[in-house]
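Numbering (the numbering used here), first residue to last: 10 to 321.
Beta carbons are placed, not taken as given, at the ideal position from N, Cα and C, and that holds for glycine.
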């Protein structure tokens, strides 16, 4: 019987199972880790690169023989040179001269090619400058406001390859050389859908290699819209030398209907910003409770608690 090997990004990990997305072909593969050699996979976390060795033809949930982890760069609670704590979702804004949360302070625009890339726009207090933050790269790009012959405004720099930011047909857009590359979702700027609302949930969920993972979830959406945005902080308790380690994610929230066991169930699907297209599915049990589902929209069949409770 032959041996197989896969290298992928960890998207789900429990006490005895792990799910990875292959870096070679994008396939999602799940394995049982109950009897695997884990000597090189201590401290496994979501986002890590994992090599899984197995025997025979792959089947979902089959036994893994050996795990080797290549940890993702930790986003700890340390401050950067400006004093901004990245693990708490803060980044430095050059035009604001302050630490900000793009989720709260930025205007979200999405790539029109469906790649999953996101660009946040932050304006200076006098609106003379606009700063662009990409989900795919560190740092930012500052544009300056210019007045068009028609009387409108555009934000760019004096460069043939510059990005052009402007407000068109009720939404912010970013183009380059006349080609639209990012656009603000229409619902985000549609006042007819009601005022912005914010919901907060929190809970400690089981983990394979630490006492638990604290999920802190903030959702923002228009009152009459099922879509919106989110910020998710996942704190791995006592993960590194008995110290907590926090990762922060932002993205879009969608509302879906139905799961295999209940056609009328409401699911909030969280699509993480970026090309990796990581996804979290939460069943909305009621107004106060969300339950984490797997990629097949199923509840965990153990007796462990996978629920978040509303905090406000």
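Leaving out the 5 sequence neighbours to the left and right, which residues in its chain are closer than 8 Å to residue 108 when beta-carbon positions are compared? The residues are 91, 92, 93, 94, 99, 100, 101 and 102.
By DSSP, does residue 96 sit in helix, in strand, or in coil? In the structure shown, the three-state DSSP call for residue 96 is helix.
Confirm, please, whether the CB-CB distance from residue 280 to residue 291 is below 7 Å. No, these two residues do not count as a Cβ contact at 7 Å.
Which residues bound the alpha helix (DSSP H) around residue 145? Counting along the chain, residue 145 sits inside no alpha helix (DSSP H), nor does DSSP assign it H or E at all.
Let's test the definition: count the other Cβ atoms within 10 Å of the Cβ of residue 48 and tell me whether it reaches 16, buried, or not, exposed. That one is exposed.
Residue 253: first and last residue of the uninterrupted beta strand (DSSP E) it sits in: Residue 253 -> beta strand (DSSP E) spans 252 to 268.
Spatial neighbours of residue 119 within its chain, please: C-beta separation below 6 Å, excluding the five flanking residues on both sides. So the qualifying residues of the chain are 127.
Count the CB pairs spanning the region 240 to 254 and the region 193 to 203 that are closer than 8 Å, and state whether there are at least three. When C-beta atoms of the region 240 to 254 are compared with those of the region 193 to 203, fewer than three pairs fall below 8 Å, so the two segments do not count as touching.
In whole angstroms, give me the CA-to-CA distance for residue 136 and residue 155. Annotation: residue 136 to residue 155 spans about 11 Å, alpha carbon to alpha carbon.
Measure the alpha-carbon distance for residue 151 versus residue 278 and round it to whole angstroms. Taking the straight line from one Cα to the other gives about 33 Å.
If residue 96 sits next to residue 256, beta carbons under 8 Å apart, how far is it from one beta carbon to the other, in whole angstroms? The distance from the Cβ of residue 96 to that of residue 256 is about 7 Å, consistent with a contact at the 8 Å cut-off.
Is it the case that the Cβ atoms of residue 210 and residue 226 are separated by a distance below 7 Å? Contact: yes.
Here's the rule I'm using: 16 or more other beta-carbon atoms within 10 Å means buried, otherwise exposed. How should residue 64 be labelled? That one is exposed.
Report, in whole angstroms, the separation of the C-beta atoms of residue 125 and residue 284, which I expect to be a contact under 8 Å. With a Cβ gap of about 5 Å, residue 125 and residue 284 count as contacting.
Leaving out the 5 sequence neighbours to the left and right, which residues in its chain are closer than 7 Å to residue 85 when beta-carbon positions are compared? Because residue 85 carries a pLDDT of 45, less than 50, the predicted location of this residue cannot be relied on, and the following value inherits that uncertainty. Answer for residue 85: 96 and 254, listed in chain order.
Burial state of residue 79 (16 or more Cβ within 10 Å): So residue 79 ends up on the exposed side.
Could you tell me if residue 20 is buried or exposed, where buried requires 16 or more neighbouring beta carbons within 10 angstroms of its beta carbon? Counting the other CB atoms within 10 Å of its CB gives residue 20 a total of 16 or more, which places it among the buried residues.
For the alpha helix (DSSP H) containing residue 38, name the first residue and the last one. Looking at the DSSP string, residue 38 is not in any alpha helix (DSSP H); the run it does join, the beta strand (DSSP E), is 37 to 41.
Note down the Cα distance separating residue 207 from residue 296, rounded to an integer number of angstroms. Roughly 13 Å separates the two Cα atoms.
Below 8 Å on the Cβ atoms is my contact criterion, and I expect residue 213 with residue 221 to pass it. Report the Cβ-Cβ distance as a whole number of Å. With 8 Å as the limit, residue 213 and residue 221 qualify as a contact, their Cβ atoms being about 4 Å apart.
Looking at the structure shown, is residue 290 part of a helix, part of a strand, or coil, going by DSSP? DSSP, read as helix, strand or coil, puts residue 290 in strand.
What are the residues that DSSP puts in a beta bridge with residue 208? Answer is 228.
Evaluate the contact criterion for the region 69 to 77 versus the region 227 to 234: three or more CB pairs, one atom per stretch, below 8 Å. Contact between the region 69 to 77 and the region 227 to 234 is absent: fewer than three C-beta pairs spanning the two stretches fall below 8 Å.
According to DSSP, residues forming a beta bridge with residue 73: Answer is none; residue 73 lacks a bridge partner.
Residue 357 to residue 317 span [Cα, whole Å]: Outside the displayed range of the chain (10 to 321) lies residue 357, so it cannot be described from this structure.
Where DSSP assigns a beta bridge to residue 105, which residues make up the other side? None, per the DSSP bridge assignment.
Residues bridged to residue 314 by DSSP? Its beta-bridge partners do not exist; DSSP assigns none.
Mind checking residue 282: buried by the 16 CB within 10 Å criterion, or exposed? Answer is buried; the Cβ neighbour count reaches 16.
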